[in-house]
Amino acid sequence: MSRRKNVERAKYIEKVIAGLFAKRGYKAVSMREIARTLNVRPSTLYHYFRGKEEILFRLMEGAMEESLEGLRSLREKDAPPKDKLINMLKFYASYYLEHSDRLTLLVNEIPSLSQELRDKLVEKEKEFVNLFRTLLEELVKSGEVEGVHPTPAIFSFFGMIHYTVKWFNPEGSVSPEMLSQQIVKIFTEGIFSKTPRP
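If you want the working numbering, it's the 1-based position in the sequence shown plus 1459.
This is the structure we're talking about:
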């Protein structure tokens, strides 16, 4: 099998497993069930992964790193801070609503990992916060954003996205794209509104 086909096969396997973990919960899914769903022998899975925890970690870390790459690229563009922030918010919302299975794992299953692996994800979480917070701090200093503390504002945005795993149905009447646009609209119209001074 060619390297490209190997990569494509691995991505397909990860997508199927992410769906299983998200739907039934990590602890409820065995390697045998994963193999049965993929119609392969359990031993075949060990060609790609050392064990179930490694699968979970790779699913989480892969999603975080892929989305961080997109955010870093947007952050480094030569554009006004306001435009950068809006584009980054749109990207983050769209990415995780389009990858809802991975988001479900990041929201619900971090405690299932060892402390060492959790710590690695926490470092990535800090980078997410820093990318957004430093940009929002620039906007506060310039006066484009008033009456908003950057840190709770960014965590509020993350909360809006992350809580969608509890109620949002991607196959319902509202598409992931529509929902991401609405969340970004609500958030940006809030932080960029000018608060009347007493």
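Heads up, the beta-carbon is just placed ideally off N, CA and C, and yes, glycines get one too. For clarity, every value in this text was computed on a predicted model and none was experimentally measured.
- Within the stretch 1581 to 1641, the complete alpha helix (DSSP H) segments at least 4 residues long are 1609 to 1621, 1623 to 1626, listed from N- to C-terminus.
- The beta-carbon distance between Glu-1473 and Leu-1515, rounded to whole angstroms, is 11 Å. This is too long to meet the 8 Å contact definition.
- In terms of CA proximity to Ser-1652, Val-1607 leads the group Val-1566, Gly-1618, Val-1607.
- The stretch 1502 to 1583 contains, as complete alpha helix (DSSP H) runs of 4+ residues, the segments 1511 to 1535, 1540 to 1557, 1559 to 1567 (chain order).
- A distance below 8 Å separates the beta carbons of Lys-1543 and Leu-1594.
- Between the stretch 1545 to 1552 and the stretch 1481 to 1491 there are fewer than three inter-stretch CB-CB distances shorter than 8 Å, so the stretches are not counted as touching.
- Per DSSP, Arg-1500 lies in no alpha helix (DSSP H) and is assigned neither H nor E.
- Spatial neighbours of Ile-1613 in its own chain (CB-CB distance under 8 Å, excluding positions within 5 residues in sequence) are listed in chain order as Val-1588, Phe-1591, Arg-1592, Leu-1595.
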